[in-house]
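Per my numbering, the sequence shown starts with residue 16, numbered consecutively.
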Amino acid sequence: MQLLPGSQIGVYVLESLLGSGAFGVVWLARRTDGGQAGPGRPAGFSDRVAIKVLHPQAAVSRESVERFRREAWALSRLQSPHIARMFEFLTGPPFGMALVMEYIQGELLSDVLKRARFSVEDAIGLGVGVLSGVAEMQSIGIIHRDIKPENVILRPNENGWHAVIFDFNLSRVKNPGGKMSSLTSMHAAIGTVPYMAPEQLLDARRVNEASDVYSTATILYRAVAGALPFDTRESLREKLQQEARPLQTGRDDPMAKGFERIITKALRRRPAERYVKAEEMLDDLARLVTDAADPRGSS
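Have a look at this one:
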């Protein structure tokens with residue numbers, strides 16, 4: 016069955032297509048059961064939701080089906096305001112498999128970066144938001160593997176906006192024994208090349224928490240500089256063999272210089288030389304804000 020506006024999935028009526036990717040399509044949908052919270056539907060569950068439906072072509076692939084289920088598992092365990100919430104996981108004819116998620120009204124970070132650069136202050140705010148979400152993932156053993164501007168929405172709020180991460184289709188999860196489970200073949204590169212850490216370019220099975228830190232730092236570098244840390248024409252070779260070009264904010268104040276140092280560390284070629292986890296980088300960014308508010312506390 017082809018899904019069209021007006022088609023129904025469970026108690027949801029599809030309204031308009033929000034986007035389409037390799038594994039699925041995302042629809043804006045409206046709930047028709049009166050908007051009451053119930054099993055699997057937490058309080059605050061809005062009348063309007065985003066529904067991600069697995070492509071019929073992808074549904075014949077065991078790997079694609081397992082990735083979709085893994086995305087549902089990951090989202091169901093994450094409660095950060097900086098991660099899109101999942102409300103329900105539905106299966107059945109004629110739609111196959113679907114994730115019912117929070118509908119986030121805002122603008123893709125990728126669209127914002129096409130027209131504007133961020134100040135250091137705004138980039139720090141962006142970093143705090145994204146890293147808060149990444150730290151929540153890492154606390155329960157999830158590595159996203161595709162942190163990029165296209166997977167971050169800026170949602171308006173009383174302070175301007177805050178960042179929300181979505182799309183966990185490429186995520187990798189630690190099993191109960193603490194080892195990483197993966198559907199990726201050995202030596203396969205999974206992710207988006209300009210934002211991938213060097214080790215991820217070589218083999219996506221080698222990623223760890225520092226790999227998502229690298230991707231986040233690449234976003235912040237681009238937000239401030241208006242360009243990526245590596246020339247796209249030579250990015251693969253340079254990224255594997257050289258350190259990233261230092262970020263230059265054009266400012267000499269302590270906050271800007273501190274931000275440059277943080278980004279340099281987060282973009283180190285060797286994972287062991289970066290921040291080991293997102294929480295460490297998050298703490299350093301937060302300290303910049305604290306020190307700026309109280310210069311006596313700066314070192």
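Glycine is no exception: its CB is placed at the ideal position from the N, C-alpha and C atoms.
Residue i - DSSP class collapsed to helix/strand/coil
i: M211; result: coil
i: T233; result: helix
i: G241; result: coil
i: Q257; result: coil
i: K280; result: helix
i: E103; result: strand
i: D227; result: helix
i: K272; result: helix
i: A293; result: helix
i: V222; result: coil
i: V149; result: helix
i: R285; result: coil
i: P10; result: In this structure the chain extends from 16 to 314, so residue 10 is not present and cannot be described.
Exposure of residue i, with buried meaning 16 or more beta-carbon neighbours within 10 Å
i: A37; result: exposed
i: K78; result: The question names Lys, but residue 78 is Glu in the sequence shown. By the neighbour-count rule (16 or more Cβ atoms within 10 Å), E78 is not buried but exposed.
i: L124; result: buried
Rounded straight-line distance, which links the Cα of residue j to that of residue i
i: R84; j: P269; result: 46 Å
i: T233; j: E136; result: 16 Å
i: R92; j: V228; result: 21 Å
i: F274; j: S31; result: 41 Å
i: P244; j: W176; result: 25 Å
i: R132; j: M152; result: 27 Å
i: G144; j: L235; result: 11 Å
i: L282; j: I162; result: 14 Å
i: R237; j: W42; result: 30 Å
i: L251; j: Y290; result: 22 Å
7 Å Cβ shell around residue i - same chain, five flanking residues per side excluded
i: S186; result: R85, E86, A89, I157, I158, H159 and R160
i: S22; result: L29
i: I155; result: R92
Sequence-distant residues of its chain with Cβ nearer than 6 Å to residue i (five each side left out)
i: A308; result: none
i: P110; result: The displayed chain sequence assigns Phe, not Pro, to residue 110. Once the five neighbours on either side are set aside, the close Cβ partners of F110 are I24 and V68.
4-residue-minimum alpha helix (DSSP H) runs that sit fully inside the stretch 77-147, ordered along the chain:
Note on the stretch 77-147: whole alpha helix (DSSP H) runs with a minimum of 4 residues are 77-91 and 124-128, in chain order.
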